[in-house]
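Right, one structure below, let's go through it.
Number of protein chains: 2
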Amino acid sequence: MNSLQTLEPALDEACCAPSGQPVLSAEDAQRKALVFKALSDPNRLRLLSIVKGTGDGEACVCDLTEPLDLGQPTVSHHLKILVDAGLLHREKRGTWAYYSLVPGALEQTAGLLASL
Amino acid sequence: MNSLQTLEPALDEACCAPSGQPVLSAEDAQRKALVFKALSDPNRLRLLSIVKGTGDGEACVCDLTEPLDLGQPTVSHHLKILVDAGLLHREKRGTWAYYSLVPGALEQTAGLLASL
DNA sequence: CACATGGATTGACATTCATCGATATAGTTG
DNA sequence: CAACTATATCGATGAATGTCAATCCATGTG
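Those sequence lines, one after another, are chains A and B. Each residue of the first sequence is one higher than the one before, counting from 28 in my numbering. Each residue of the second sequence is one higher than the one before, counting from 28 in my numbering.
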């Protein structure tokens, strides 16, 4: 499973210098990948766009199923992924659940790219 | 159902989005999701980080397999995904293939989030 | 309380994906 | 040309994912 072979430096200038830079750790990469994975679905991007485009900045599930042409359980599933990723906020008022953008979440996500 | 008219894998110019339309179209969402899908894997994030952290800004496959602890075919596969997403540039010199960041690609991707 | 409604959860299913081993291709060297 | 090296591609496989139908939970209303 793990073939850790001793690679002798027989290659001089052929391959470039060893990049001993502070490379992204496996844990950080895993954590950042979760956010991008939440953004990697077109329907989830549209959900964010719809929520952002609403006048009051929030929308309930019943408003989101129709424009996406998806079933209610599927929309609810996507919304949960976006909430878990820290992009959306969920607030239940009465029977309805209102979803809104977490302030600064998109900007913070954009910052992840700069800090790669 | 959905008429895909201009589905071009070319690089998108995310600047100057009309922003007149209230909702991200299905085609735009699909296109943007491809870029985030390329970023949704921790190993690919680490690949970008390593390439970015290299002194000369480029790295060959032989430099990337070891720090990721992945097989050469797997690394080559991930690199192809990053190239297809427009994030990496591939240049073959002799036997080696050198990968480098596409200038402005990360910033442009960050802009996708603002134009949601 | 009985019933209706909005939303979340479960289970199933088909598709996609990440990974590896084997192999093919291209450039270099003897 | 033959051998070697670096990389890409192919085929297979196990895991993850998106979707839906059915169901469950919570909160209203008669």
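We put the beta carbon where it would ideally sit given N, CA and C, even for glycine. Everything numeric in this text was worked out from a predicted model, so none of it was measured.
Check                                                                                                                       : Outcome
Any chain A beta carbon closer than 8 Å to Gly131/B                                                                         : no
Contacting residues, own chain, Cβ-Cβ under 8 Å from Gly98/B (five flanking each side not counted)                          : Thr92
Per-residue DSSP class, three states only, for Leu133/A                                                                     : helix
Stretch-stretch touch, CB-based, cutoff 8 Å, three pairs: the stretch 98-115 of chain A with the stretch 104-111 of chain B : no
Counterpart residues of Glu6/A in DSSP-defined beta bridges                                                                 : Residue 6/A is absent from the model: chain A starts at 28 and stops at 143.
Identity of the residues DSSP links to Leu115/B by a beta bridge                                                            : Leu128/B
Rounded C-alpha distance that separates Ala132/A from Gly121/B                                                              : 44 Å
CA-to-CA distance, Leu143/A to Trp123/A, given in whole angstroms                                                           : 39 Å
Close beta carbons around Gly85/B, own chain, < 8 Å, minus the five adjacent residues each side                             : A small fix is needed here, since residue 85/B is Glu in this sequence, not Gly. Val78, Glu118, Tyr125, Tyr126 and Ser127.
Ala53/A vs Pro100/B beta-carbon contact at 8 Å                                                                              : no
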